[in-house]
Amino acid sequence: MGRKFTPRGSWLLVALLFVWLSSPSAAQDKIFPASSEFAADQVDGFLRRAQKFEVEQRWGEALSVYEEALRELPDDPAIGNRHDLAKIHYDLGRRYSDSSFLRALTTLPERQAIGLYSEVLMKIESHYVSAPDWGALLARGTQDLAIALTDKPFQQRHLSGKTSAQVDAFAQQLRRITQHRTVNSRQEAIDILSSVVQLGNQQLQLSPAAVALEYACGAIGALDPYSSYLTSDQLNDVYSQIEGNFVGLGIELKANNGALQIVKVITGSPADRAGLRAGDRITEVDGKATALMTTDQAADLLQGQEGSLVQVTTLAPNDTVRRLSVRREHVEVPSVDDVKIVDRDFGVGYLKLTCFQKTTSRDLDTALWKLHREGMRSLIMDLRGNPGGLLTSSVEVADKFVEDGIIVSTRGRSALEDFNYTAHKAGTWRVPLVVLIDGDSASASEIFAGAIRDHRRGSLVGQRSYGKGSVQGIFPLSLAGSGVRLTTAKFYSPNGHPISHVGVQPDKVVQLTAKPPLGAEAASLKDAEDPTLAAGLEAARRQTAKR
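Following the numbering used here, the numbering of the sequence shown begins with 951 at its first residue and continues without gaps.
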């Protein structure tokens, strides 16, 4: 898989959802009665569920509930507002559990702190998909700082010894400085930040970096759900994900009911060899209880120098407790997994594409030739749960199956972002194709699925995809070793269909809920262990029989 460097030297991605911190909801299409009472009950149900997590300050889990709610009720203002507040709290907790962010707080003097904010605004002005609203960006920074004043991680770091009366007085002054101010340019936003920095230092002895970084993160957070500030460690993690390798144990974690659950164990990794399994819960790392840790904090403890050991205590689903010593090693993350012939009579091959990274094109070639030697006559590509990755990787993968024509088009505010990615006949596989998708197939997965659908190159089976139709660029900053991820364009399928908030509809919908979506063919396979795979296998057999 190749990388795409834009003329400005940035990575161009269509998703960065590799870490299971708050993943897309797996909610599927449902038919709901068109009644305001029903919708109100739904809203109340979601709000009650999330509020339980908010009271315990489990912001990641609250955010997951709101994301699920927005999938079903995307236009509800109450859920949208609560989602935004939960995300501010969640992002704040992530930053203050990040050692590289904490280092930046202590090493950035006032001039550099304001310079970092200025550089963030300049990146937004130059590269974001739409023209920035400077007033809205400044207001979100003010909101982030106001919320930080009430949040424990910020209080413990910056407000020790300060009374609530002192903090309230500063908050009132903050509102007076920023409210009803017309902000028409980047420089005006910088000037107001400078005033806030001075006020914070005078009244609460807040460091300039503490204030400026909240405003910088707030400005990016105001743009869209996929743009974000990247600390030095997060930026390095992004590059590791793109390259498909890192030093660690080889596991993916997510928060689940107050515990850290292992979602996936990479085959052949140190965790795999040590006997860790998906579904296990990590309760201690080097003797430290994980009950109150975020996934970032746990990941930080699990990482370390190559060759070093970490002590992990796990609780299996059957309540078996194990204490293991696992060596940290260089781990290659496979983007193509579970390659096999699933039906030898019909020659149906199968592979799971887990993400689109730098090595995906090469890994897929290896898998396809392996299946070809084993007698593959048709192929099932499983993209369920695939969160995306590099745009160019998805184009290269689609190019292996589409002979010619447009694969995907991108459109942005800058003419540099307008591009049609096209297929080339050389090296095209003509094997009959079935693609499995679901509500967690996002971004680069949707580029591939959309190209296969529009070119009628194969059958799509499963559930409607997530609906993330935007392209992000990664832009390093000159200070603190940090960077920003910004949405630079929207992408469209070969026939010009938008993906954002729409997704890709499969040809055969496998109904995992009570009723099928209107106008769609439903596969009746309720008794199958994996009904989507069963429907895909049935489609592949039919395609093979026709040849």
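Ideal Cβ positions, reconstructed from N, Cα and C, are used throughout, including at glycine.
Three-way DSSP call (helix, strand, coil) for M1072 in this model: Looking up residue 1072 in the sequence shown gives position 122. The answer is helix: DSSP assigns M1072 an H, G or I state.
Please classify A1241 as buried or exposed, where buried requires at least 16 other C-beta atoms within 10 Å of its C-beta. If you number the sequence shown from 1, residue 1241 lands on position 291. Exposed is the call here.
Considering only the beta carbon of each residue, do P1456 and G1389 sit closer than 8 Å? Looking up residue 1456 in the sequence shown gives position 506. Looking up residue 1389 in the sequence shown gives position 439. Contact: no.
When the Cβ atoms of the stretch 1189-1207 are set against those of the stretch 1163-1179, are three or more pairs found closer than 8 Å? By the Cβ test, the stretch 1189-1207 is not in contact with the stretch 1163-1179, since fewer than three Cβ pairs between them sit closer than 8 Å.
Counting along the chain, where does the beta strand (DSSP E) carrying T1181 start and finish? What you label residue 1181 is simply residue 231 of the sequence shown in a count that begins at 1. Per DSSP, T1181 belongs to no beta strand (DSSP E) and is neither H nor E.
Ignoring anything shorter than 4 residues or poking outside the stretch 1056-1100, list the alpha helix (DSSP H) runs there in chain order. Qualifying alpha helix (DSSP H) stretches, in chain order: 1060-1077, 1084-1098.
Measure the alpha-carbon distance for V1358 versus P1284 and round it to whole angstroms. Along the sequence shown, one-based indexing puts residue 1358 at 408. Along the sequence shown, one-based indexing puts residue 1284 at 334. One C-alpha to the other measures close to 25 Å.
Boundaries (first-last residue) of the alpha helix (DSSP H) holding Q1148: What you label residue 1148 is simply residue 198 of the sequence shown in a count that begins at 1. From DSSP, the alpha helix (DSSP H) with Q1148 extends over 1136-1154.
Please state whether DSSP places E1244 in a helix, a strand or coil. Indexing the sequence shown from 1 puts residue 1244 at position 294. Just to set this straight, residue 1244 is Thr in the shown sequence, not Glu. Correct three-state label for T1244: coil.
Alpha carbon to alpha carbon, how far is R1008 from D1349? Give it in angstroms, no decimals. Numbered from 1 along the sequence shown, position 399 holds the residue referred to as residue 1349. Numbered from 1 along the sequence shown, position 58 holds the residue referred to as residue 1008. Rounded to whole angstroms, D1349 to R1008 spans 43 Å at the Cα level.
Which partner residues of L1259 appear in the DSSP bridge assignment? The count along the sequence shown starts at 1 and reaches residue 1259 at position 309. According to DSSP, which records beta bridges pairwise, L1259 is partnered with R1277.
Keeping to the same chain, check which residues put their C-beta closer than 7 Å to that of E1060; ignore five residues upstream and five downstream. Stepping through the sequence shown from its first residue, residue 1060 is reached at position 110. Excluding residues within five positions, the ones whose Cβ falls inside 7 Å are V1147, P1158.
Measure from the alpha carbon of I1064 to the alpha carbon of each residue in G1446, F996, L1143, then state which is nearest. Counting from one through the sequence shown, the residue named residue 1064 turns up at place 114. Measuring from the Cα of I1064, the nearest candidate turns out to be L1143.
Q1106 in three-state terms, based on DSSP: For the purposes of this step, residue 1106 is identified with residue 156 of the sequence shown, where counting begins at 1. In the structure shown, Q1106 sits in a helix (DSSP, three-state: H, G or I).
For the beta strand (DSSP E) that I1387 lies in, which residues bound it at each end? By 1-based counting over the sequence shown, the position of residue 1387 is 437. Start and end: 1383-1387.
Specify whether the stretch 1016-1027 and the stretch 1152-1171 touch according to this definition: at least 3 beta carbon pairs, one from each stretch, less than 8 Å apart. Taking a cut-off of 8 Å on C-beta distances, the stretch 1016-1027 does not touch the stretch 1152-1171, as fewer than three cross pairs fall below it.
In its own chain, which residues sit with a C-beta less than 6 Å from the C-beta of R1491, not counting the 5 before and 5 after it? For the purposes of this step, residue 1491 is identified with residue 541 of the sequence shown, where counting begins at 1. Result list for R1491: F1296, in chain order.
In chain order, what residues of the same chain have a beta carbon less than 7 Å from the beta carbon of D1368, not counting five sequence neighbours either side? Counting from 1 along the sequence shown, the entry for residue 1368 is found at position 418. Answer for D1368: T1360, R1361, G1362, listed in chain order.
Going by alpha carbons, who is nearest to Q1093 out of A1036, P1448, Q992? For this step, residue 1093 is matched to residue 143 along the sequence shown. Ranking A1036, P1448, Q992 by Cα distance to Q1093 puts A1036 first.
Of the choices A1054, D1332, E1256, T1270, whose alpha-carbon is the least far from that of S1409? In the sequence shown, counting from the first residue as 1, residue 1409 sits at position 459. Among A1054, D1332, E1256, T1270, the Cα nearest to that of S1409 is on D1332.
What runs of the beta strand (DSSP E), each 3 residues or longer, lie entirely inside the stretch 1257-1342? 1259-1265, 1271-1277, 1279-1282, 1286-1293, 1298-1303, 1328-1332
Can the beta-carbon of L1386 be found closer than 8 Å to that of T1494? Position 436 of the sequence shown, counting from 1, holds the residue named residue 1386. Position 544 of the sequence shown, counting from 1, holds the residue named residue 1494. No. Outside cutoff.
According to the Cβ coordinates, are Q1191 and L1203 closer than 8 Å? Reading the sequence shown from its first residue, position 241 is the one you call residue 1191. Reading the sequence shown from its first residue, position 253 is the one you call residue 1203. For the pair Q1191 and L1203, the CB atoms are not nearer than the 8 Å cut-off.
Looking at the strands, I want to know which residues DSSP matches up with N1206. Locating residue 1206 in the sequence shown gives position 256, counting from the first residue. The partner list for N1206 (beta bridge, DSSP) reads A1209.
If I follow the unbroken beta strand (DSSP E) through Q1422, where does it start and stop? Taking the sequence shown and counting its residues from 1, one reaches residue 1422 at position 472. Where Q1422 is concerned, the enclosing beta strand (DSSP E) stretches over 1420-1426.
Count the other C-beta atoms from every protein chain shown that fall within 10 angstroms of the C-beta of A990, then say buried if there are 16 or more, exposed otherwise. Looking up residue 990 in the sequence shown gives position 40. So A990 counts as exposed.
Contact between the stretch 1218-1226 and the stretch 1336-1348 is defined here as three or more beta-carbon pairs at a separation below 8 Å; is this criterion met? Cβ pair count under 8 Å is below three, so no.
Exposure of R1278, with buried meaning 16 or more beta-carbon neighbours within 10 Å: Taking the first residue of the sequence shown as position 1, residue 1278 is located at position 328. The Cβ neighbour count for R1278, taken over all protein chains shown within 10 Å, is at least 16; the residue is labelled buried.
Buried or exposed by the 16-neighbour rule on C-beta atoms within 10 Å, applied to L1487: Stepping through the sequence shown from its first residue, residue 1487 is reached at position 537. Buried, by the Cβ-count rule.
contact_flag[the stretch 1311-1329, the stretch 1412-1426] where n(CB pairs < 8 Å) is 3 or more: With a cut-off of 8 Å, the stretch 1412-1426 and the stretch 1311-1329 do not count as touching, because too few Cβ pairs lie within range.
Is it true that the stretch 1077-1091 meets the stretch 1435-1451, where meeting means three or more beta-carbon pairs spaced less than 8 Å apart? yes
Give the single residue among D1101, I1291, A1373 whose Cα lies nearest to the Cα of E1006. The sequence position of residue 1006 within the sequence shown is 56, counting from 1. Considering only alpha carbons, the answer is D1101.
Determine the extent of the alpha helix (DSSP H) in which K1496 is found, giving its start and end residues. Counting from one through the sequence shown, the residue named residue 1496 turns up at place 546. 1481-1496 is the span of the alpha helix (DSSP H), which, as asked, contains K1496.
Using 8 Å for Cβ pairs, my map puts V1260 next to D1287. What's the rounded Cβ distance? To locate residue 1260, count along the sequence shown from 1; it is residue 310. To locate residue 1287, count along the sequence shown from 1; it is residue 337. About 25 Å; that fails the 8 Å criterion.
Strand pairing of T1360, partner residues [DSSP]: Counting from one through the sequence shown, the residue named residue 1360 turns up at place 410. T1360 pairs with F1369, F1441.
Would S1047 and D1354 qualify as a contact pair, given that the criterion is a beta-carbon distance under 8 Å? Translated into the one-based positions of the sequence shown, residue 1047 becomes position 97. Translated into the one-based positions of the sequence shown, residue 1354 becomes position 404. No; because the gap between Cβ atoms is not below 8 Å, this pair is not in contact.
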